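One point on numbering: in the working numbering, the residue at position 155 of the first sequence is 149, and numbering is uninterrupted.
The next block holds one structure in the form of structure tokens; read it before the comments.
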Amino acid sequence: MTQISLTDIFQGYTKRRGVFKNKNTLSIAFTPENIPHREDQIKQLGMILAPLLGGEKPSNIFIYGKPGTGKSLCIKHISEKINERANGKVRTLYINCKMRRVSDTEYRLLSQLLSFFDVEVPYTGLPTDSLYNKFFKLLDEKEQNVLLVLDEIDALVKKVGDGILYNLTRINQELEKTKLTIVGISNNISFINDMDPRVKSSLSEEEVLFPPYNASEIKDILRERSLLAFNENALSPGVLEKCSALAAQEHGDARKALDLLRIAGELAERMGNEQVLKEHVDVAEKKLDRDKTMEIIKSQPKQSQCVLLSVIDLYKSGTKNIQTGDIYDVYTRMCKKAGVKVLTQRRVSDLISELDMFGILNSKVISKGRYGRTREIRLSMSLDMINKIENFLKHVLI
DNA sequence: CCTCCACAGGAAGCGCAGGAGT
DNA sequence: ACTCCTGCGCTTCCTGTGGAGG
């Protein structure tokens, strides 16, 4: 009985003509066959990495460019292509270095690398050196060519220093059988300059720059993907233009454009429309912003959440020029109420910096002369959003 | 000119959970 | 069971500092 009605539902769903033909082609996981407006970069990377095909070690590469400019995508694309040609002789290890509690320290990064070889290590207890040795042995077990892609490497270096990179580049020199090529990807251009010169010279033997897309380039990208993703005539006129324009405002972020398009499509489908309208894009933009920040906030530890709620409290009570000391006062009361351990101001100061890094807060160090030097903290979102966060945090904490 | 506020943010080290070796 | 190790979140202690008020 249940099964029958379920099949009915599913059949009804598949029979109904939605707007999507293949939604996956809009996700970040999808690597398209053709990457518009990145011909130069792909050519450059291809030339640098071509020695892999002859079993030679290419130069290490440093890639930089703003978010959503196709850095990871191009690397993924090229490594897939190379692998096809080399009959799987080239192994690509991709790591995003920013993931909290996953790859945001040297130890955790190595433990991630080891897990690619199906080696699980305890989350603490072992010396980092021993992880290096394990990794080293695994690499040198057999002859192979390994491409190590470290995405958002600037975040990691900022947090724990450039020692990791130094160690990795050194491992490379000591390997006998295996050749390890390191590809560092960074959103921040200036970051490479204040690294140890030894690391700098060995990591950025080659540099590739990914400039932001402009609105018409983003539109090209969207058009191409929309042909794969949507049914014919599912997009009303102006939808692509709107997505492109919105994303171009945000330093030419193609990923944002794709997200907008996908969410707009989902909204249209959910509302039973046969066409995606410009209005859907408007709603999608709000939803995208909201979802992103909520996602980050949910993943924060309780202590950070307390800090954030304190900032919101101050904001709502009309305090202007919110500073660290104010926050700490409210924060201590908040913790007691929520039954959470009160951390020191030093630590809270770091938590504020973290929230700043995630883009949830804006903090700026200012000097008020006689009245000291502190950080001024501002919330950079709509009142609507602040209310939403407040509700969520109160629900979770109190 | 100097002073002095209210912190920023670096350095060191502590305690805990969890290894490895004996 | 014991010792001795480690990484990590956190505390403790510290020095540094831009500029308004004197």
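Where a beta carbon is used, it is the ideal one built from N, C-alpha and C, also for glycine.
Computed from a predicted structure; not experimentally measured.
Provide the residue span of the beta strand (DSSP E) that contains residue i, from first to last.
i    : result
R249 : Note, R249: premise wrong, no beta strand (DSSP E); alpha helix (DSSP H) at A248 to R264.
L373 : R367 to L373
Y58  : I55 to G59
I360 : L355 to S361
L271 : No beta strand (DSSP E) holds L271; DSSP gives it neither H nor E.
I'd like to know whether the C-beta atoms of residue i and residue j end up nearer to each other than 7 angstroms.
i    : j    : result
A239 : I215 : no
A262 : T19  : no
L303 : L387 : yes
L169 : D134 : yes
C237 : A228 : no
V390 : L345 : no
K70  : T25  : yes
L144 : L197 : no
R85  : V13  : no
E200 : I42  : yes
T318 : T368 : yes
K281 : V334 : no
I22  : L46  : no
S361 : D350 : no
L393 : V115 : The structure shown does not extend to residue 393, since the chain is modelled only from -5 through 392, so no value can be given for it.
Regarding residue i and the ligand SAM, is the C-beta to nearest heavy atom distance less than 6 angstroms?
i    : result
N227 : Among the components modelled here there is no ligand, and therefore nothing to report on the ligand SAM.
To the nearest angstrom, report how far apart residue i and residue j are at their CA atoms.
i     : j    : result
M(-5) : G266 : Any reading at M(-5) must be qualified, since the residue scores a pLDDT of 49, below 50, and its modelled position is unreliable; the value itself is stated next. Taking the straight line from one Cα to the other gives about 27 angstroms.
I290  : D323 : 24 angstroms
Y408  : I36  : Only positions -5 to 392 of the chain appear in this structure, which leaves residue 408 out of reach.
Q167  : S53  : 12 angstroms
K131  : E226 : 53 angstroms
K152  : T338 : 22 angstroms
G155  : Q269 : 50 angstroms
L255  : K65  : 20 angstroms
D188  : E100 : 19 angstroms
S195  : R102 : 25 angstroms
K416  : S293 : Since the first residue of the chain shown is -5 and the last is 392, residue 416 is not available in this structure.
H245  : D253 : 15 angstroms
L142  : D98  : 16 angstroms
D276  : K17  : 20 angstroms
A278  : Y325 : 34 angstroms
K331  : N315 : 25 angstroms
Q393  : K128 : Not covered by the structure: residue 393. The range shown for the chain is -5 to 392.
L271  : N381 : 28 angstroms
D190  : I392 : 46 angstroms
N81   : R340 : 53 angstroms
S311  : S347 : 23 angstroms
A209  : E218 : 14 angstroms
Can you tell which of the options has its C-alpha closest to the C-alpha of residue i?
i    : options                   : result
E211 : I383, E384, A241 and P45  : A241
E27  : L47, N227 and I72         : I72
M375 : A332, T318 and Y309       : Y309
L306 : V143, P295 and R372       : Note that residue 306 corresponds to Ile in the displayed sequence, not to Leu. Residue R372 is the option with its Cα nearest to I306.
D283 : K70, N81 and M379         : M379
G259 : L349, P116, S220 and D285 : S220
D320 : E370, C329 and V336       : E370
L67  : A209, I165, T368 and L39  : L39
M328 : G119, A80, S298 and G366  : S298
L203 : I392, D350, G62 and V359  : G62
I147 : F185, V342 and F352       : F185
R94  : Y126, K17, G366 and F352  : F352
G157 : Y126, Q138 and K136       : Y126
D285 : A44, I354, S347 and S124  : I354
R192 : A209, R217, T163 and V336 : T163
M124 : E273, S343, I165 and L150 : The amino acid at residue 124 is misidentified as Met; the sequence shows Ser. Ranking E273, S343, I165 and L150 by Cα distance to S124 puts I165 first.
Over what stretch of residues does the alpha helix (DSSP H) that includes residue i continue unbroken?
i    : result
L20  : Neither: L20 is in no alpha helix (DSSP H) and is coded neither H nor E.
R94  : Neither: R94 is in no alpha helix (DSSP H) and is coded neither H nor E.
K173 : Taken as a continuous stretch (DSSP letters only), K173 belongs to no alpha helix (DSSP H), being part of the beta strand (DSSP E) at K173 to S180.
V113 : V113 -> no alpha helix (DSSP H), and no H or E assigned at all.
V193 : P191 to L197
F204 : Premise fails: F204 lies in the beta strand (DSSP E), E200 to F204, not in any alpha helix (DSSP H).
N337 : Residue 337 is actually Leu in this sequence, not Asn. Run containing L337: none; DSSP gives neither H nor E here.
D188 : Careful: D188 lies outside any alpha helix (DSSP H) and carries neither H nor E.
Are the stretch 21 to 37 and the stretch 164 to 176 in contact at 8 angstroms, needing three or more beta carbon pairs? Contact between the stretch 21 to 37 and the stretch 164 to 176 is absent, because fewer than three Cβ pairs lie under 8 angstroms.
Would the stretch 56 to 64 count as touching the stretch 179 to 188 if we require 3 or more Cβ pairs under 8 angstroms? In short, these stretches touch, since the Cβ pair count reaches three.
Taking contact to mean 3 or more Cβ pairs, one atom from each stretch, closer than 8 angstroms, check whether the stretch 77 to 94 and the stretch 229 to 236 are in contact. With a cut-off of 8 angstroms, the stretch 229 to 236 and the stretch 77 to 94 do not count as touching, because too few Cβ pairs lie within range.
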